[in-house]
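Written below as C-alpha cells is the structure these notes are about.
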Amino acid sequence: QQASKVAVLGSAGGIGQPLSLLLKLNPRVSELALYDIKGGPGVAADIGHINTKSNVKGYDPTPEGVKECLKGAEIVLIPAGVPRKPGMTRDDLFNTNASIVRDLAKAAAESCPDANMLIISNPVNSTVPITAEVFKSRGVYNPKKLFGVTTLDVVRASRFISQLKNTDPANENITVVGGHSGATIVPL
Numbered sequence: 138q139q140a141s142k143v144a145v146l147g148s149a150g151g152i153g154q155p156l157s158l159l160l161k162l163n164p165r166v167s168e169l170a171l172y173d174i175k176g177g178p179g180v181a182a183d184i185g186h187i188n189t190k191s192n193v194k195g196y197d198p199t200p201e202g203v204k205e206c207l208k209g210a211e212i213v214l215i216p217a218g219v220p221r222k223p224g225m226t227r228d229d230l231f232n233t234n235a236s237i238v239r240d241l242a243k244a245a246a247e248s249c250p251d252a253n254m255l256i257i258s259n260p261v262n263s264t265v266p267i268t269a270e271v272f273k274s275r276g277v278y279n280p281k282k283l284f285g286v287t288t289l290d291v292v293r294a295s296r297f298i299s300q301l302k303n304t305d306p307a308n309e310n311i312t313v314v315g316g317h318s319g320a321t322i323v324p325l
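Residue numbers are given in the working numbering: position 133 of the sequence shown equals residue 270, and the series is strictly consecutive.
Here is the structure:
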C-alpha cells in the first residue's frame, strides 16, 4: 500500500470540505494538504483529529502558502471556485472560475509538475483545457495525468436508472461520456 501526499485546493467550499473528510479517511493518503482563500487551516483543524494515520495541514491563502501546500504532492484536486447560482449563466461561471483554476494550475505546474491533476471546478469542459494549456506553457504537460472529475453525472445517471428499474443505485454501473455539459453529456 503506497502512501501519498494529496493536496486539495479549495478545501473550505461545499465540495472541498466533504472531499477533504473522505480523503482523511482513505488509508492510502499519508499527508493531506488543504488550501483555500478562506478557511483552509480551519478545515484542517476540524478533520485533523479523525483517528486515521494521515497527517493534515492547512495552508494560509498566500503565494507561499499554496506553494508549500503543493510541494511534493502526488495528487492535486481542484474544487475551488464558485458554484452556479440561480440566474447565473455558464459564461458567468466561466468568467469567475477560469481565472481561479488558471492561477492554481500555474502554482501546481511550478510546485508539483508530475502530480496527477483532478479538476472539479465548473465548467469542467473549460477548466480542464485551461489547466492543460498552463501545463503546456510550462513544458510539463502530461495528458495521462490530467483528469476532469464528473462523478456527479455518473451518480445521477445511476440513480435515474435505478428508479426506472426499481433497483439499488449502488448496483447500477452507468458510464457517462462527453464531459460535463448538457449539450455533450451522454449516459451509455
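Positions of the beta carbon are idealized from the N, C-alpha and C atoms, including for glycine.
DSSP, read as helix, strand or coil, puts S258 in coil. By the neighbour-count criterion, in which 16 or more other beta carbons inside 10 Å mark a residue as buried, M254 falls on the buried side.
L241 places its beta carbon 8 Å or farther from that of L156. CA-to-CA, the gap between G185 and V193 works out to about 5 Å. A check of alpha carbon separations from A244 across L169, A182, V271 identifies V271 as the nearest.
Annotated three-state conformation of E201 is helix, per DSSP. In this structure, the CA atom of D305 is about 9 Å from the CA atom of I298. Between A170 and E211, the gap from beta carbon to beta carbon reaches 8 Å or more. With respect to the C-alpha of Q154, the residue from K204, V265, V143, P216 having the closest C-alpha is P216.
Rounded to the nearest whole angstrom, the C-alpha separation of S318 and P260 is 8 Å. Sequence-distant Cβ neighbours of V291 in its own chain, meaning closer than 8 Å and more than five residues away, are I311, T312, V313.
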